[in-house]
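The numbering of the sequence shown is the numbering used here, which starts it at 29 and goes up by one.
Glycine included, every Cβ here is placed at the ideal spot set by N, Cα and C.
In this text, all values refer to a predicted model and were calculated from it rather than measured experimentally.
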Amino acid sequence: MECQQMNPLLETIDHVFSSGTLTKQDARVINQWLWKTPMSDALYQALDQLLQDIEAGYIAVRGT
29 MECQQMNPLL ETIDHVFSSG TLTKQDARVI NQWLWKTPMS DALYQALDQL LQDIEAGYIA
89 VRGT
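Spelled out as C-alpha coordinates, the structure:
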(Lines of atoms letter the chains of each structure in order from A and count residues from 1; the text may use other names and numbers.)
(Lines give C-alpha, C1' and ligand atoms only; values in the text may rest on other atoms or scores of the structure.)
Protein backbone atom coordinates (compact mmCIF):
# COMPACT_ATOMS: atom_id res chain seq x y z
CA MET A 1 0.00 0.00 0.00
CA GLU A 2 0.99 3.57 -0.52
CA CYS A 3 2.36 5.60 2.38
CA GLN A 4 -0.81 7.62 2.80
CA GLN A 5 -3.63 7.20 5.25
CA MET A 6 -5.95 4.43 4.09
CA ASN A 7 -9.55 5.29 3.33
CA PRO A 8 -12.42 3.43 5.02
CA LEU A 9 -12.82 1.09 2.05
CA LEU A 10 -9.20 -0.07 2.09
CA GLU A 11 -9.24 -0.23 5.89
CA THR A 12 -12.26 -2.53 5.79
CA ILE A 13 -10.74 -4.75 3.09
CA ASP A 14 -7.54 -4.94 5.15
CA HIS A 15 -9.61 -5.91 8.21
CA VAL A 16 -11.30 -8.70 6.21
CA PHE A 17 -7.89 -10.03 5.09
CA SER A 18 -6.61 -9.89 8.69
CA SER A 19 -9.65 -11.59 10.23
CA GLY A 20 -10.27 -14.07 7.41
CA THR A 21 -13.99 -13.31 7.65
CA LEU A 22 -16.32 -11.05 5.70
CA THR A 23 -19.18 -10.05 7.99
CA LYS A 24 -22.45 -8.39 7.07
CA GLN A 25 -21.13 -5.14 8.55
CA ASP A 26 -17.93 -5.39 6.46
CA ALA A 27 -20.02 -5.95 3.34
CA ARG A 28 -22.14 -2.87 4.14
CA VAL A 29 -19.07 -0.68 4.61
CA ILE A 30 -17.48 -1.96 1.40
CA ASN A 31 -20.71 -1.38 -0.52
CA GLN A 32 -21.15 2.11 0.94
CA TRP A 33 -17.60 3.27 0.23
CA LEU A 34 -17.11 1.50 -3.09
CA TRP A 35 -19.29 4.05 -4.84
CA LYS A 36 -17.67 7.02 -3.09
CA THR A 37 -14.03 6.08 -3.60
CA PRO A 38 -12.13 6.79 -6.82
CA MET A 39 -10.69 3.58 -8.26
CA SER A 40 -6.93 3.34 -7.92
CA ASP A 41 -4.53 0.52 -8.76
CA ALA A 42 -4.20 -0.34 -5.06
CA LEU A 43 -7.96 -0.47 -4.60
CA TYR A 44 -8.48 -2.52 -7.74
CA GLN A 45 -5.82 -5.00 -6.63
CA ALA A 46 -7.31 -5.24 -3.12
CA LEU A 47 -10.82 -5.88 -4.49
CA ASP A 48 -9.50 -8.44 -6.96
CA GLN A 49 -7.57 -10.26 -4.23
CA LEU A 50 -10.60 -10.16 -1.93
CA LEU A 51 -12.77 -11.80 -4.58
CA GLN A 52 -10.14 -14.43 -5.32
CA ASP A 53 -9.73 -15.24 -1.62
CA ILE A 54 -13.48 -15.55 -1.12
CA GLU A 55 -13.81 -17.81 -4.15
CA ALA A 56 -10.87 -19.96 -2.97
CA GLY A 57 -12.41 -20.30 0.50
CA TYR A 58 -9.65 -18.42 2.32
CA ILE A 59 -12.17 -15.86 3.59
CA ALA A 60 -15.36 -17.02 5.30
CA VAL A 61 -18.55 -15.13 4.51
CA ARG A 62 -20.77 -14.67 7.56
CA GLY A 63 -24.28 -13.28 7.74
CA THR A 64 -24.47 -11.87 4.23
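- Taken atom to atom, the span from the alpha-carbon of Pro-36 to that of Ser-47 is near 16 Å.
- Trp-61: member of the alpha helix (DSSP H) spanning 52-62, first to last residue.
- DSSP places Thr-65 in no alpha helix (DSSP H); its state is neither H nor E.
- For the 8 Å CB-CB criterion, Ile-87 and Val-44 form a contact.
- Beta-bridge analysis with DSSP links Val-44 to no other residue.
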